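In what follows, a structure is listed as structure tokens, so that the remarks can point back to it.
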């Protein structure tokens, strides 16, 4: 069995371009959430989201093909270029032994949205002939493969908020078992469009105020967008080419609730975290920091806190738990990748980023989630959780490399 | 107004309205999360009020609790405040 390491990371988020922007914002508690307005929505109830700044548009589309690609692909490619550049992979390192596993919950929302409005306005008008290949959720994975010549397994996992975490997890499993030497893995999401935003609004899980996970007075999530991409390799392959190793992927766990489509079941998330920790050959007490799913809804944190308590028991007070979603927003199909990147940066810096907008401990939860200000920790392992609609749970454990 | 709310809950959650007594436990009615979303959508359409699932509703245990919370949100909204 191969050990699996990370040699490159890339991110596009409401915090800006690049992993450094994302990590600096997460560590310093600077939120990328701001006003969002949809002129076509007559009664917009929720007015904030974590959007990628419009002035980054040129950079995002640099090298992109707007006639063939949706924005969800453009940002995935931007993040992938950063990750590949950092990894130092040469053209000959791709080929059939390099896979691409990149998830998306929604695919090309912007194209779909525009099509719907155009079609409803005039059904006889010409819709974008490239609509289908732009919208398909697998487009980001395919375009990344084409850009770098990665001809190995190419997969798009679409499991809502667990898409990216499962993508990274599956990539790690395949490398571990020798099915791939390396893999470009992560997720991309760009669905802050009129009709999709309205669809989220009517689901009634978004806050009309501020997102404050685990806090008393929390009343919902804040939507985001972005892409997070990692380059995973077998440790042997990375060492053989003299690559710099950022961290090791120690373990991966994934379970299904098989219960309610929207309401999480702590049994599923408990089993998921236990599986990830066991897969890494660790004990819960080895985990120093958890980047929680922490959406800011009542239901998620009730369930996630119960699950954390099941896993960490009386030691829950010793492990630092935080949610960085109020900073980069809930990026859904990209969330797991952005948050795993934040967790790895936290591990390497030995600093747990804060849960901002925190008002105080919710007595019903009794958990203190690194409120408002980052906190140092000393540990060689961290975990990142994604617990999605559909009851799909996924957790990743990262290890410091070399251990400190 | 209570009768109207009962009517909405019965229709959207597909429950016989005879079973919707104030002290009936919501968990005994097997109302799924998706049913709440449908109920709240219908409330918005009928009464023009936006109620998040993360409001006080998350503490509702009985049909009576549900009625009271929804009625108070409608009242607040009709008094001109945002909910």
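Protein chains in written order, with our numbering: chain A, 35 to 438; chain B, 237 to 319.
Built from N, CA and C at the ideal position, the CB exists for glycine as well.
Being a predicted model, the structure only gives us computed values, none of them experimental.
Please confirm if the stretch 289-299 of chain A is in contact with the stretch 136-147 of chain A, defined as three or more CB-CB distances below 8 Å between the two stretches. no
Can you tell me whether residue 204 of chain A is helix, strand or coil according to DSSP? helix
Should residue 79 of chain A be flagged as near chain B, meaning a C-beta pair shorter than 8 Å? yes
Output the boundary residues of the alpha helix (DSSP H) element that contains residue 346 of chain A. 332-346
Flag residue 270 of chain B as yes if its beta-carbon sits less than 8 Å from any beta-carbon of chain A, otherwise no. yes
I need the boundaries of the beta strand (DSSP E) containing residue 216 of chain A, first residue and last residue. 216-223
Where does residue 409 of chain A sit, in a helix, a strand or coil, going by DSSP? strand
Kindly list, in the order they appear in chain A, the residues whose Cβ is closer than 9 Å to that of residue 289 of chain B. 237, 238, 239, 254, 296, 331, 332 and 333
Determine the closest residue to residue 194 of chain A out of A/287, A/239 and A/425, with distance taken between C-alpha atoms. A/425
Residue of A/90, A/328 and A/35 minimising C-alpha distance to residue 388 of chain A: A/328
Collapsed DSSP secondary structure at residue 151 of chain A in the structure displayed: helix
Restricting to Cα atoms, I'd like to know which of A/81, A/363 and A/382 is closest to residue 391 of chain A. A/363
Kindly confirm or deny that the stretch 413-422 of chain A and the stretch 314-327 of chain A touch, where touching means at least three C-beta pairs closer than 8 Å. yes
Measure the C-alpha to C-alpha separation of residue 470 of chain A and residue 92 of chain A and round it to an integer number of angstroms. The structure shown does not extend to residue 470 of chain A, since chain A is modelled only from 35 through 438, so no value can be given for it.
Taking the alpha-carbon of residue 185 of chain A as reference, which of A/131, A/232, A/199 and A/139 has the nearest alpha-carbon? A/131
Closer than 8 Å, CB to CB, is residue 378 of chain B near chain A or not? Past the edges of chain B, shown from 237 to 319, lies residue 378 of chain B, and the structure says nothing about it.
Please compile the residues from chain A whose C-beta is within a distance smaller than 9 Å of the C-beta of residue 276 of chain B. 236 and 238
Checking contacts by CB at 8 Å: is residue 306 of chain B closer than that to chain A? no
Residue interval of the alpha helix (DSSP H) (run including residue 306 of chain A): 300-313
Less than 8 Å between CB atoms is the rule here; does residue 285 of chain B satisfy it with respect to chain A? no
Check whether the stretch 94-105 of chain A touches the stretch 155-173 of chain A, taking contact to mean three or more Cβ pairs, one atom from each stretch, closer than 8 Å. yes
Tell me the rounded alpha-carbon separation between residue 296 of chain B and residue 272 of chain B. 12 Å
At what residues does the beta strand (DSSP E) containing residue 391 of chain A begin and finish? No beta strand (DSSP E) holds residue 391 of chain A; DSSP gives it neither H nor E.
Residues that residue 273 of chain B contacts on chain A, provided the C-beta gap is smaller than 7 Å: 237 and 238
8 Å contact criterion, which residue 197 of chain A and residue 189 of chain A should meet: CB distance rounded: Between residue 189 of chain A and residue 197 of chain A the Cβ distance is about 11 Å, and since that is not below 8 Å, they are no contact.
Mind checking whether the beta-carbon of residue 315 of chain B lies closer than 7 Å to any heavy atom of the ligand MN? Inclusion of the ligand MN in the displayed structure is not the case, the ligand content being empty and no account of it being possible.
Based on the DSSP secondary-structure assignment, which residues constitute the bridge partners of residue 281 of chain A? A/40
Span of the alpha helix (DSSP H) around residue 429 of chain A: Counting along the chain, residue 429 of chain A falls outside any alpha helix (DSSP H), though it belongs to the beta strand (DSSP E) covering 426-433.
If you run the structure through DSSP and keep just helix, strand and coil, what is residue 100 of chain A? coil
Can you tell which of A/248, A/251 and A/260 has its C-alpha closest to the C-alpha of residue 223 of chain A? A/260
Report the rounded CA-to-CA distance for residue 259 of chain B versus residue 68 of chain A, giving the unit in angstroms. 43 Å
Exposure of residue 73 of chain A, with buried meaning 16 or more beta-carbon neighbours within 10 Å: exposed
Proximity winner among A/313, A/289, A/246 and A/273, relative to residue 215 of chain A (alpha-carbon distances): A/273
For residue 355 of chain A, the residue or residues it bridges with in DSSP: A/324
Please name the residue in A/60, A/107 and A/48 whose C-alpha comes closest to that of residue 379 of chain A. A/60
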